[in-house]
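Contents: one structure, followed by commentary.
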Amino acid sequence: MKLLEDRILKDGNILGDNILKVDSFLTHQVDFKLMTEIGKVFAKTFESLGITKVVTIEASGIAPALYVAQELDVPMIFAKKHKNITMTEGILTAEVYSFTKQVTSTVSIASKFLSQNDKVLIIDDFLANGQAAKGLIDIINQAGASVEGVGIVIEKSFQDGRSLLENSGVKVTSLARIKNFENGSLNFLEADA
Ligand code: G4P
């Protein structure tokens, strides 16, 4: 997605060896015009699959996921990282290990929001090692629903996430694919959409 790649080049900042900071338009402050375009591109990519729910994980997945859900005219559900007091029964959970943060967290979705008839599209802001998406797939499978695809805004292709997901039989569509950060500059692979 050229609009997104141009924005990453203009406003993204490389931190250390492998982190891209995009807090001015995606992960902290959110550019709704860019999210609208992202929503349209993902919706077009997945429109023929009969998607009934969009699923993401808090926090930064929520913005793009909501715009995709709006375009597909289906609900968006975000997995919670902290159990809250109103989640009293019927909770589906998975353990997600973050290599970046080196912590394991339990993520959860109330079972009433997913059924075995659901065809789910997973959307997330970043794909690094794929552990967040793997946890969401686990939860969706527990509900008996099917995962029709994974849509990623920014894939760090030099990490293992994409192959982990593809090896489990899930199709991944990424709007920007970062090949590497070399000498402080950023190189893209050809994006999927
Ligand atoms: P994984 O899910 O692909 O295995 O990712 P990993 O554990 O490596 O990453 C943990 C968190 O760090 C995730 O957010 C992920 O989106 C984010 N992340 C990974 N690489 C980058 C990067 O290069 N830039 C930015 N900005 N974020 C990155 P999270 O902990 O779920 O955070 P949030 O969504 O609550 O903000």
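Offset between the sequence shown (1-based) and my numbering: plus 32.
Built from N, CA and C at the ideal position, the CB exists for glycine as well.
Nothing here was measured: the structure is a model prediction, and the numbers come from that model.
So, for residue i: in the same chain, excluding its five sequence neighbours on each side, which residues have a beta-carbon less than 7 Å away from its beta-carbon?
i: residue 107; result: 85, 101
i: residue 45; result: 53
i: residue 142; result: 119, 122, 123
i: residue 132; result: 160
i: residue 39; result: 57, 66
i: residue 59; result: 92, 157
Can you tell which of the options has its C-alpha closest to the C-alpha of residue i?
i: residue 175; options: 162, 204, 140, 207; result: 140
i: residue 87; options: 180, 65, 134, 215; result: 180
i: residue 67; options: 215, 191, 186; result: 186
i: residue 80; options: 151, 166, 196, 130; result: 151
i: residue 145; options: 114, 214, 177, 33; result: 177
i: residue 147; options: 83, 72, 182, 129; result: 83
i: residue 167; options: 127, 134, 206, 182; result: 127
i: residue 204; options: 165, 173, 170, 172; result: 165
Excluding five sequence neighbours on each side, which residues of the same chain lie with their C-beta closer than 8 Å to the C-beta of residue i?
i: residue 55; result: 61
i: residue 37; result: 208, 220, 223
Could you compute how far the alpha carbon of residue i sits from the alpha carbon of residue j?
i: residue 35; j: residue 42; result: 11 Å
i: residue 76; j: residue 191; result: 27 Å
i: residue 57; j: residue 90; result: 16 Å
i: residue 198; j: residue 65; result: 30 Å
i: residue 70; j: residue 109; result: 18 Å
i: residue 72; j: residue 225; result: 11 Å
i: residue 206; j: residue 200; result: 17 Å
i: residue 217; j: residue 136; result: 32 Å
i: residue 125; j: residue 183; result: 21 Å
i: residue 173; j: residue 78; result: 19 Å
i: residue 48; j: residue 114; result: 29 Å
i: residue 194; j: residue 202; result: 9 Å
Is residue i helix, strand or coil when you go by DSSP?
i: residue 45; result: strand
i: residue 121; result: coil
i: residue 59; result: coil
i: residue 171; result: helix
i: residue 143; result: helix
i: residue 113; result: coil
i: residue 28; result: As shown, the chain starts at 33 and ends at 225. That puts residue 28 outside it, with no answer to give.
i: residue 154; result: strand
i: residue 77; result: helix
i: residue 33; result: coil
i: residue 213; result: strand
Under 6 Å Cβ to Cβ from residue i, same chain only, skipping five residues before and after it: list those, please.
i: residue 104; result: 75, 83
i: residue 213; result: 46
i: residue 196; result: 162
Segment contact, 8 Å Cβ cut-off, at least three pairs: the stretch 91 to 105 with the stretch 148 to 157: Per the Cβ contact rule, the stretch 91 to 105 is in contact with the stretch 148 to 157 (3 or more Cβ pairs under 8 Å).
contact_flag[the stretch 186 to 195, the stretch 103 to 119] where n(CB pairs < 8 Å) is 3 or more: These segments do not touch.
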